[in-house]
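Peer 1: Protein sequences appear in the order of chains A and B.
According to my numbering, the residues represented by the first sequence are 1066 to 1214, in order.
According to my numbering, the residues represented by the second sequence are 28 to 527, in order.
The beta carbon of each residue, even a glycine, is placed where N, CA and C say it ideally should be.
Attaching a single structure in structure tokens format; questions to follow.
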Amino acid sequence: MKKVYVREEYCIGCHLCEVYCVMAHSRYPHDLLKAFKKGDPLPLPRLWVEEKGPLTFAFQCRHCEEPHCVSACITGALQKDTTTGVVTCEQERCVGCWTCVLACTYGAIRRDTKNGKMVKCDLCSNWGEPPACVYYCPNEALIFVERGE
Amino acid sequence: MALSLLTPMFKVERDEELCIQCKVCMRQCVNGVHWYDEEEDRMRCDHKKCVGCHRCVVLCPTGALTVKKYPLEFRENAHWTLDYIRSIYLQAETGGILLTGMGNDRPYPVYWDHMVLNASQVTNPSIDPLREPMELKTYLGRKPKAVEIKNGKLAEKLPPQLELDVPIMFSAMSFGSISLNAVKSLAQAARETGTFFNTGEGGLHRDLYEYGANTIVQVASGRFGVDPDYLKAGAGIEIKIGQGAKPGIGGHLPGEKVGPEVSATRMIPLGSDAISPAPHHDIYSIEDLRQLIFSLKEATNYEKPVGVKIAAVHNVAAIASGIARAGADFVAIDGFRGGTGAAPLRTRDNVGIPIEFALAAVDERLRREGIRNEVSIVVGGSIRNSADVVKAIALGADAVYIGTAALIALGCHLCQKCNTGKCNWGIATQDPYLVKRLNPEIGARRAANLIRAWAHEIKELLGGMGINAIESLRGNRLMLRGIGLNEKELSILGIKAAGE
Ligand code: SF4
Ligand code: SF4
Ligand code: SF4
């Protein structure tokens, strides 16, 4: 399946991917200004930039072949879509137990403590292709490709 | 601490209605202009530190930023302009030489803008480049006086030539003065468009050997990075005597910029200052130059053209003639607008002559002496667009070098801070955090696009003149007319006035 990969040698640590991820998951998924000005409460970004000195890279869910989070989920909210391969969470069923957070080997799941729900990358399934972070990455550090892992 | 008398150059304006406090500007400005005030929950800025590079403006996702000239007027004075007053404040503080980057920005006349091109009407047909073939192929190198053909073949082998698909090359910019990603962008673009990039005095990084067929390797006064592999790697060799931004002056790459990669490529100790002397200490005459030219030819089996680059100075025509006679295959002349990674400001702005005059004088002199065929002429240091290229070729150039224009294609916003090593665009810097900002894939695409766009435009202009090969334009000064030039200027340029 196509996934988001980061080429850290070109990631400039601008955090624009986070900004646009927030937009894509807000009430105004195609209007950055409204998303931020009127979107309160703002959704959490589903990816984030790790930084240490000149090394910076954006990171998100790897949509694993055999996702630990899915097997660990106590309510069945987390599922791997059999056709697209996207690991998604049915928000209504998430009870905020954070079991998935512990299970994910990459640390790709975040806790939205305000809403008591987990959040993770959904590959912008409801937004468009390529995902917002890739589309808006100013340096083409993020790419959306099939690597056949 | 005594108060600095320097006032800001730029004013950064943030439209609070548009700002979403994403902090992108703060992260992108290496000069530390923007910061986030947590208590106020808004972005703030220190105008004084802004150099006007526009990185924040371009990256701000909501277009909230504008950078303006700081609205502070001195009492009007035609003699004491802002720049001169500021320079004095600065020197009174530092006691040092003023340093700068890029090229001469003073309001000297731009002669390209005083020349116009011809077009065909009625008596000779113009050509549509979309329907008919149009040739931009250019060969740089020594040409024989006449060719002898035996059995349909050349009787004698031609001297080595550089083959260009377009008469535009990327001028010498060293790895050190610009980032490796910038050099990679140009190398890749040169390969894609069938032209050349030039190593400058920076040596050839190991990752760039694969671009050898599109490389001109430079040998300059510091001899950095020169060894047999280097000389053999390039398609041609250029001996650098001088450059337009700082004729008569050497170079100095401060030790901070000599990291592991620069050090290995230049073959100098890590962290040591790379000092290029003002003269080559083994060249004090044309005879000495001849010796170096032939040493380099000998070292490369007489298989590669060897050129000489000089700055355009007062008696450039005589110097170029000497260079031709010394055996150079091409002479590269850099006009006084030529850019640099670092130069003393007063030198940059006051030394040298316009390339248009230098080119006209050199071409004229070489023709008069009957040796124009022995040497190709490449000019640089002011070419801004395809029309400048066409005018240069009509004045007598074989090809042009572009440096500043190429960097602008990569993102440079001409803030002239190249010397500080803090280029927010990842071009004139060695800071790994900044270098990443130039993705060489994007850089190569943009630089190649520029060359292709100019090539299309050159063909349009040629077609309009009824010419279908760049060869027929070369030195064809009848295609040029002067506007707003006096008799002397017209005669140096060797062109007629418009209407004549
Ligand atoms: S793909 Fe979409 S959801 Fe996933 S990190 Fe990128 S912007 Fe966020
Ligand atoms: S980049 Fe633009 S929107 Fe983001 S904090 Fe700066 S001014 Fe505001
Ligand atoms: S120096 Fe450049 S990035 Fe910094 S505030 Fe000025 S224009 Fe923006």
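Can you tell me whether B:TYR257 is buried or exposed? The criterion is at least 16 other CB atoms within 10 Å of its CB, across all chains shown.
Peer 2: That one is buried.
Peer 1: If you compare alpha carbons, which of B:LYS444, B:GLY271, B:LEU207 and B:ILE485 is closest to B:VAL406?
Peer 2: Ranking the options by Cα distance to B:VAL406, first place goes to B:GLY271.
Peer 1: Please name the residue or residues paired with B:GLY278 in a DSSP beta bridge.
Peer 2: For B:GLY278, which the question treats as bridged, DSSP gives the partners B:SER303.
Peer 1: Look at the alpha carbon of B:HIS483 and the alpha carbon of B:GLU67, and state the distance between them as a whole number of angstroms.
Peer 2: If you take the alpha carbons of B:HIS483 and B:GLU67, they lie about 53 Å apart.
Peer 1: Counting only runs that start and end within the stretch 1078–1161 of chain A, where is the alpha helix (DSSP H) found for 4 or more residues in a row?
Peer 2: If we require 4 residues or more, the alpha helix (DSSP H) runs fully inside the stretch 1078–1161 of chain A come out as 1081–1089, 1097–1103 and 1133–1137.
Peer 1: Using beta-carbon positions only, say whether A:ARG1127 and A:LYS1179 come within less than 8 Å of one another.
Peer 2: It is not a contact, given that the beta carbons lie outside the stated cut-off.
Peer 1: Report the neighbours of B:LYS50 on chain D: residues whose CB is nearer than 8 Å to its CB, in chain order.
Peer 2: Given the protein chain composition of this structure (A and B), no chain D is represented.
Peer 1: Considering A:VAL1199, what are the terminal residues of the alpha helix (DSSP H) in which it resides?
Peer 2: Counting along the chain, the alpha helix (DSSP H) containing A:VAL1199 begins and ends at 1197–1201.
Peer 1: Shorter than 8 Å from the beta carbon of B:GLU401 to some beta carbon of chain A?
Peer 2: Not one chain A Cβ lies under 8 Å of B:GLU401.
Peer 1: Taking the beta strand (DSSP E) that B:PHE357 falls in, what are its first and last residues?
Peer 2: 357–361 is the extent of the beta strand (DSSP E) around B:PHE357.
Peer 1: Shortest alpha-carbon distance to B:ILE519 belongs to which of B:ARG501, B:ARG392 and B:SER403?
Peer 2: Of the listed residues, the one whose Cα sits closest to B:ILE519 is B:ARG392.
Peer 1: Which residues, taken in chain order from the stretch 1099–1114 of chain A, show a beta carbon closer than 8 Å to some beta carbon of chain B?
Peer 2: So the list reads PHE1101 and LYS1102, given in the order they occur along the chain.
Peer 1: For the candidate residues B:CYS56, B:VAL60 and B:TYR329, whose alpha-carbon lies nearest to that of B:LYS184?
Peer 2: The option with the nearest alpha carbon to B:LYS184 is B:TYR329.
Peer 1: Measuring from the CB of A:ARG1127, is there a heavy atom of ligand 2 at a distance below 7 Å?
Peer 2: For ligand 2, not one heavy atom lies less than 7 Å from the Cβ of A:ARG1127.
Peer 1: Is there a Cβ from chain B that is less than 8 Å from the Cβ of A:MET1180?
Peer 2: The displayed chain sequence assigns Asn, not Met, to residue 1180 of chain A. Not an interface residue.
Peer 1: Kindly indicate if chain B contains any beta-carbon less than 8 Å away from that of A:ILE1077.
Peer 2: Closer than 8 Å to some Cβ of chain B, the Cβ of A:ILE1077 qualifies, so yes.
Peer 1: The beta strand (DSSP E) spanning B:PHE197 covers which residue range?
Peer 2: Looking at the DSSP string, the run of the beta strand (DSSP E) that includes B:PHE197 is 195–197.
Peer 1: In three-state DSSP terms, what is B:ARG102?
Peer 2: Of the three classes helix, strand and coil, the one that applies to B:ARG102 here is coil, per DSSP.
Peer 1: For the beta strand (DSSP E) that contains B:HIS61, what are its first and last residues?
Peer 2: Counting along the chain, the beta strand (DSSP E) containing B:HIS61 begins and ends at 61–64.
Peer 1: Would you mind telling me which residues of chain A sit closer than 7 Å to B:LEU45, beta carbon to beta carbon, in chain order?
Peer 2: Residues of chain A passing the Cβ test: LEU1098.
Peer 1: If I'm right that B:LEU231 touches B:THR150 with Cβ under 8 Å, what's the distance once you round it to whole angstroms?
Peer 2: At roughly 51 Å, the Cβ-Cβ gap does not stay under 8 Å, so B:LEU231 and B:THR150 are not in contact.
Peer 1: Just the Cα atoms here: how many angstroms apart are B:VAL85 and A:VAL1084?
Peer 2: Approximately 16 Å between the Cα atoms of the pair.
Peer 1: DSSP beta-bridge partners for B:LYS336?
Peer 2: In DSSP, B:LYS336 forms a bridge with B:LYS267 and B:ALA359.
Peer 1: At a cut of 8 Å, does the stretch 479–495 of chain B reach the stretch 146–160 of chain B through at least three beta carbon pairs?
Peer 2: A contact exists between the stretch 479–495 of chain B and the stretch 146–160 of chain B.
Peer 1: Would you say the beta carbon of A:GLN1144 is closer than 7 Å to some non-hydrogen atom of ligand 3?
Peer 2: Outside the cutoff, so no.
Peer 1: Hey, would you say B:ILE485 sits closer than 8 Å to B:LEU507, going by beta carbons?
Peer 2: Taking 8 Å as the Cβ cut-off, B:ILE485 and B:LEU507 do not qualify as a contacting pair.
Peer 1: Using C-beta distances below 8 Å, list every residue in its chain close to B:PHE197, excluding the 5 sequence neighbours before and after it, in chain order.
Peer 2: Once the five neighbours on either side are set aside, the close Cβ partners of B:PHE197 are LEU213, ALA216, ALA217, THR222, PHE223, PHE224, ASN225, TYR428, ILE429, GLY430, ALA433 and ALA474.
Peer 1: Looking at the structure shown, is B:CYS72 part of a helix, part of a strand, or coil, going by DSSP?
Peer 2: The answer is strand: DSSP assigns B:CYS72 an E or B state.
Peer 1: Let me check one thing: in DSSP terms, what residues is B:LEU92 bridge-paired to?
Peer 2: Partner(s): B:ARG41.
Peer 1: Should B:GLU44 go down as buried or exposed, given a rule of 16 or more other Cβ atoms within 10 Å for buried?
Peer 2: By the neighbour-count rule (16 or more Cβ atoms within 10 Å), B:GLU44 is not buried but exposed.
Peer 1: Considering only residues of the same chain and omitting the five flanking positions on each side of A:LEU1097, which have a CB-CB separation below 8 Å?
Peer 2: Taken in chain order, the residues that qualify are VAL1084, TYR1085 and MET1088.
Peer 1: Sort B:VAL39, B:GLY79 and B:ALA353 by Cα distance to B:TRP62 and report the nearest one.
Peer 2: Checking every option, the nearest Cα to that of B:TRP62 belongs to B:VAL39.
Peer 1: Does the beta carbon of B:LEU235 sit closer than 8 Å to a beta carbon anywhere in chain A?
Peer 2: Not one chain A Cβ lies under 8 Å of B:LEU235.
Peer 1: Does the beta carbon of B:GLN148 fall short of 7 Å from some heavy atom of ligand 3?
Peer 2: Checking every heavy atom of ligand 3 against the Cβ of B:GLN148, none is found closer than 7 Å.
Peer 1: Tell me, please, whether the CB atom of B:LEU86 is closer than 8 Å to any CB atom in chain A?
Peer 2: Judged by the 8 Å Cβ criterion, B:LEU86 is in contact with chain A.
Peer 1: What's the call for B:ILE115, buried or exposed, on a 16-neighbour Cβ count within 10 Å?
Peer 2: Exposed, since its Cβ has fewer than 16 Cβ neighbours within 10 Å.
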